[in-house]
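Report on the following structure.
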DNA sequence: AAGTATAATTGTACCGGTACAATTAAACAA
DNA sequence: TTGTTTAATTGTACCGGTACAATTATACTT
């Protein structure tokens with residue numbers, strides 16, 4: 154692991170262990186340089202990472218402070234979107250409804266930047282947090298990139314498998330949000346009624362080289378899905 | 154304006170003018186160093202900024218490439234959330250329903266980190282994109298930070314006013330998303346029916362020094378609100 | 001052709017430095 | 001006490017450098 158990532162983790166752990174709260178001040182940059190025995194720019198990179206994660210904020214001339222959202226019941230939108238990070242102490246489980254190889258339809262192929270004759274894995278799951286229905290997910294993986302999947306892998310975190318076993322790294326993603334009403338079949342999966350409100354998110358996940366490898370459609374249970382997004386900006 | 158911001162803008166403009174599309178390659182780092190006559194780290198900072206904005210992605214050993222989402226009809230979630238950036242060529246207007254000074258209730262005071270005896274500005278608006286109803290917004294500004302508002306300021310971009318006229322800078326924000334059903338009065342503002350689905354977003358905006366200065370509740374028209382979020386990560 | 005080793009290209013990690021602007025604390029004056 | 005100037009603190013911008021890993025192109029086999 155890179156130095157600045159390692160340091161970022163240690164600082165995050167420090168905040169957790171010391172139970173620091175919103176506005177609490179961290180050691181100053183120079184002290185961190187000495188403590189971790191690295192140059193200023195390495196500490197700066199570590200802190201910048203934590204800033205992007207919404208853990209801290211830095212104030213020139215003043216110091217480095219803890220930032221915290223912490224509304225109970227709200228999950229980070231990204232934590233449920235493959236980017237594991239921390240779902241806190243909540244337990245995430247899945248019912249696997251389907252894992253199969255197939256040819257994509259035009260829409261799926263388009264979103265994945267492949268041909269309709271290329272193979273994809275289709276995965277369908279219902280996901281739960283602490284036993285409560287969170288969402289219904291239908292996702293497609295480019296088989297040329299993810300050559301093998303089974304129900305066991307899919308029941309756990311697909312992204313962990315893809316990264317560790319296949320050695321590919323996920324780069325970035327585009328998420329498309331929409332609000333609408335449930336269809337009858339969706340309602341059944343979620344234990345709700347037809348026409349109940351829902352949040353739909355389509356996501357295209359790309360590898361670091363820019364190639365899409367996963368296109369997924371998620372339909373959320375409106376009552377069990379409350380999300381937090383921490384934004385830094387405006388960037389200029 | 155800082156060098157790296159300026160360069161980021163110029164590169165963004167270059168991409169637009171040259172009409173570069175997804176996957177197109179940009180000049181290599183060293184050429185940019187020469188072209189803008191700055192050091193490597195300054196170019197790197199500019200590119201990192203563009204990466205965070207979802208404009209480009211960088212691939213070690215290969216080059217710098219254009220990233221593009223571009224689903225028609227989808228707005229960046231952050232562009233409607235004060236962070237102006239680009240709403241593309243779509244026109245954003247407002248009906249101002251209320252601008253008044255008042256004492257906050259407990260919930261508002263808590264979210265703003267102030268006392269119920271402190272003054273706040275209450276602003277209520279209905280917002281439109283290209284003439285179509287986008288959302289109903291109710292927001293509260295800490296009067297100690299934003300000492301004056303009127304209907305004219307509020308009809309335009311409040312954030313532009315706050316930053317330029319008051320000289321304070323917005324640092325970061327926490328957004329809380331929820332899906333639910335419209336109340337009768339909300340439905341009326343949005344031209345919808347009671348119990349129609351809706352996306353609700355509460356946002357707390359902080360200054361760079363970490364102090365909250367704006368707490369807002371937005372209720373979106375489900376049919377006219379489709380959002381895109383571009384994520385980079387996992388960060389480690 | 002088709003695979004394989006080799007070399008060139010290219011961005012990232014990390015160092016260590018100077019200058020500076022924003023904040024805060026200290027000293028001072030009214 | 002209260003405001004004002006001054007000094008110390010502290011993070012950020014920017015420079016210019018070395019080393020390196022991932023990618024891509026080239027040359028070399030088979």
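Chains as they are written, first to last, in my numbering: chain A, 154 to 389; chain B, 154 to 389.
Cβ atoms here follow ideal geometry from the backbone N, Cα and C, with glycine treated the same way.
Keep in mind the model is a prediction, meaning the values are calculated, not measured.
Strictly by DSSP, which residues pair up with residue 281/B? As a working mapping, residue 281/B is identified with position 128 in the second chain. Note: residue 281/B sits in a beta bridge opposite 246/B and 286/B.
message = Spatial neighbours of residue 210/A within its chain, please: C-beta separation below 7 Å, excluding the five flanking residues on both sides.
response = Within the first chain, residue 210/A is the residue found at index 57, counting from 1. If we look at residue 210/A and ignore the five residues flanking it on each side, its Cβ neighbours are 204, 218 and 220.
Check: Does the beta-carbon of residue 341/A have 16 or more other beta-carbons within 10 angstroms, so that it is buried, or is it exposed?
Finding: Here residue 341/A refers to the residue found at position 188 when the first chain is read from its first residue. Residue 341/A is exposed by the Cβ-count criterion.
Interface residues of chain A around residue 222/B at Cβ under 7 Å? Here the question's residue 222/B lines up with position 69 in the second chain. Going along chain A in sequence order, the residues near residue 222/B (Cβ under 7 Å) are 327.
By the 9 Å beta-carbon criterion, what residues does the segment 285 to 297 of chain B contribute toward chain A?
none
Worksheet item: For residue 205/B, which of helix, strand or coil comes out of DSSP?
Response: Against the second chain, residue 205/B aligns to sequence position 52. Helix at residue 205/B.
Query raised in the report: Just by C-beta distance, which residues in the segment 365 to 387 of chain B are closer than 8 Å to chain A?
Result: For the segment 365 to 387 of chain B, which is checked against every Cβ of chain A, the residues closer than 8 Å are 373, 375, 378, 379, 380, 381, 382, 383, 384, 385, 386 and 387.
Self-check item: Contacts around residue 197/A, its chain only, beta-carbon distance under 6 Å, and the 5 residues preceding and following it disregarded
Solution: Residue numbering aside, residue 197/A sits at position 44 when the first chain is read from its first letter. Result list for residue 197/A: empty, nothing under 6 Å.
Report the neighbours of residue 334/A on chain B: residues whose CB is nearer than 7 Å to its CB, in chain order.
Taking the first residue of the first chain as position 1, residue 334/A is located at position 181. Here the neighbours are 350.
>> Let me confirm a value: residue 289/A is counted as buried when at least 16 other C-beta atoms fall within 10 Å, else exposed. Which label applies?
In response: Along the first chain, read from residue 1 onward, the residue named residue 289/A stands at position 136. By the neighbour-count rule (16 or more Cβ atoms within 10 Å), residue 289/A is buried.
query = Does the beta carbon of residue 358/A come closer than 7 Å to any beta carbon on chain B?
reply = Position 205 of the first chain, counted from the first residue, corresponds to residue 358/A. It does not; no Cβ of chain B falls within 7 Å.
Contact belief for residue 384/B with residue 326/A at Cβ below 8 Å, rounded distance in angstroms | As a first step, residue 384/B is located in the second chain; it is residue number 231 there, counting from the start. As a first step, residue 326/A is located in the first chain; it is residue number 173 there, counting from the start. Residue 384/B to residue 326/A, Cβ: 5 Å. Contact.
### Message
Nearer than 6 Å: is that true of the beta carbon of residue 320/B relative to any heavy atom of the ligand MG?
### Response
The ligand MG is absent from the structure shown, which contains no ligands of any kind.
**OP:** Determine which residues share a DSSP beta bridge with residue 178/A and list them.
**Re:** Reading the first chain from its first residue, position 25 is the one you call residue 178/A. According to DSSP, which records beta bridges pairwise, residue 178/A is partnered with 218/A.
* Asked: Which residues in chain A sit within 9 Å of residue 145/B, going by Cβ to Cβ distance?
  -> Nothing can be reported for residue 145/B: it is not among the residues displayed for chain B, which extend from 154 to 389.
Against residue 212/A, what residues of chain B qualify as contacts under a CB-to-CB distance less than 8 Å, listed in chain order?
One-based indexing of the first chain puts residue 212/A at position 59. Neighbours of residue 212/A on chain B, chain order: 361, 362 and 363.
task: Quick one: using the 10 Å Cβ neighbour count with 16 as the cut-off for buried, is residue 389/B buried or exposed?
output: In the second chain, counting from the first residue as 1, residue 389/B sits at position 236. Per-residue confidence for residue 389/B stands at a pLDDT of 49, beneath the threshold of 50, marking its modelled position as unreliable; the derived number appears in the next sentence. So residue 389/B counts as exposed.
Exercise. Residues in its own chain within less than 8 Å of residue 377/A by CB, not counting five upstream and five downstream?
Worked result: Counting from 1 along the first chain, the entry for residue 377/A is found at position 224. Only 282, 285, 286 and 287 meet the Cβ criterion.
Q) Where does residue 362/A sit, in a helix, a strand or coil, going by DSSP? A) The residue given as residue 362/A occupies position 209 in the first chain. The answer is coil: DSSP assigns residue 362/A none of H, G, I, E or B.
- prompt: Of all the options 263/A, 363/A and 257/A, which has the alpha carbon lying nearest to the alpha carbon of residue 213/B?
  reply: Translated into the one-based positions of the second chain, residue 213/B becomes position 60. It is 363/A whose Cα lies nearest to the Cα of residue 213/B.
query: What is the rounded straight-line gap between the Cα of residue 158/A and the Cα of residue 294/B?
result: Taking the first residue of the first chain as position 1, residue 158/A is located at position 5. Taking the first residue of the second chain as position 1, residue 294/B is located at position 141. For residue 158/A and residue 294/B, the gap between their C-alpha atoms comes out near 37 Å.
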